[in-house]
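Taking the numbering used here, the leading residue of the sequence shown gets 5, the next gets one more, and so forth.
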Amino acid sequence: MSKKEKKQRTLKQILLAALGKAWLFWPPRLAVKKRCKHPTRAGWYVCEMNPTHIVEKLDVDHIIPCIKPSEGFISWDHYINSRFVADAKLLQGLCTACHKEKSKRENQERKLQRTQTKDTGTTIIVQND
Ligand SMILES: [Zn+2]
Numbered sequence: 005m006s007k008k009e010k011k012q013r014t015l016k017q018i019l020l021a022a023l024g025k026a027w028l029f030w031p032p033r034l035a036v037k038k039r040c041k042h043p044t045r046a047g048w049y050v051c052e053m054n055p056t057h058i059v060e061k062l063d064v065d066h067i068i069p070c071i072k073p074s075e076g077f078i079s080w081d082h083y084i085n086s087r088f089v090a091d092a093k094l095l096q097g098l099c100t101a102c103h104k105e106k107s108k109r110e111n112q113e114r115k116l117q118r119t120q121t122k123d124t125g126t127t128i129i130v131q132n133d
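Here it is, written out as structure tokens:
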């Protein structure tokens, strides 16, 4: 796909990207990075899901996802409040591999939720692309 053909971003995508930048400065996120610092190796972190993972890049993850698979996107207020949590205890520092694993599980759950109709709760077969 050429650059010209690239789909224009929706307002939602633009706002999510901006919130992602703001997230980098959120104090509880910084507290998690501090908490995960390797005791002796400067610039390295210890993964909280598997402490044998010692990494240079730490992802700060929400233990409870900001968008719960069972609920989906509700509103901006709801999303912002659940993303910008006040307490670092609600967050965990993960290595990229553990974070990917967790996201994969959550996305599968989301996909599963989408295939169920809201009113009847019956499952319909949806073809994935
Ligand atoms: Zn890990």
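No residue lacks a Cβ here, since even glycine has one placed at the ideal position from N, Cα and C. All figures in this text were calculated on a predicted structure; none of them were measured in a lab.
What residues in its chain sit with their C-beta under 8 Å from that of Ile18, if we drop five residues either side in the sequence?
none
Identify the continuous beta strand (DSSP E) that holds His66 and give its terminal residues.
63-66
With a threshold of 7 Å on Cβ separation, who are the neighbours of Asn132 within its own chain once the five nearest residues in sequence on each side are excluded?
Residue placement at Asn132 is poorly supported in this model, since its pLDDT is 48, which falls under 50; the coordinates are not used for a value here.
Using three-state DSSP, classify Ile18 as helix, strand or coil.
helix
Assign Gln12 to buried or exposed, taking buried as 16 or more other Cβ atoms, counted over all protein chains shown, within 10 Å of its Cβ.
exposed
Using only the alpha-carbon positions, how far apart do Arg87 and Arg109 sit?
Taking the CA atoms as reference points, Arg87 sits about 19 Å from Arg109.
When burial is assigned at 16 or more other CB atoms within 10 Å of the CB, is Leu94 buried or exposed?
Label assigned to Leu94: exposed.
For the beta strand (DSSP E) holding Leu95, just list the boundary residues, first then last.
According to the DSSP assignment, Leu95 belongs to the beta strand (DSSP E) that extends over 95-98.
Name, in chain order, the residues that DSSP records as bridge partners for Val59.
Tyr49
Counting C-beta neighbours from all protein chains within 10 Å, is the total for Leu103 16 or more, i.e. buried, or is it exposed?
Looking at the sequence itself, residue 103 is His, so the reference to Leu does not match. The residue in question, His103, is buried, as its Cβ has 16 or more Cβ neighbours within 10 Å.
Below 6 Å CB to CB, which residues in the same chain sit around Ile175 once its five sequence neighbours on both sides are set aside?
No answer is possible for residue 175: it lies beyond the span of the chain, which begins at 5 and ends at 133.
Whole angstroms are fine: how far does the CA of Lys106 sit from the CA of Val64?
12 Å
Check whether the Cβ of His57 sits closer than 6 Å to any heavy atom of ligand 3, and report yes or no.
Within the structure as shown, ligand 3 is missing, the only ligands being ligand 1.
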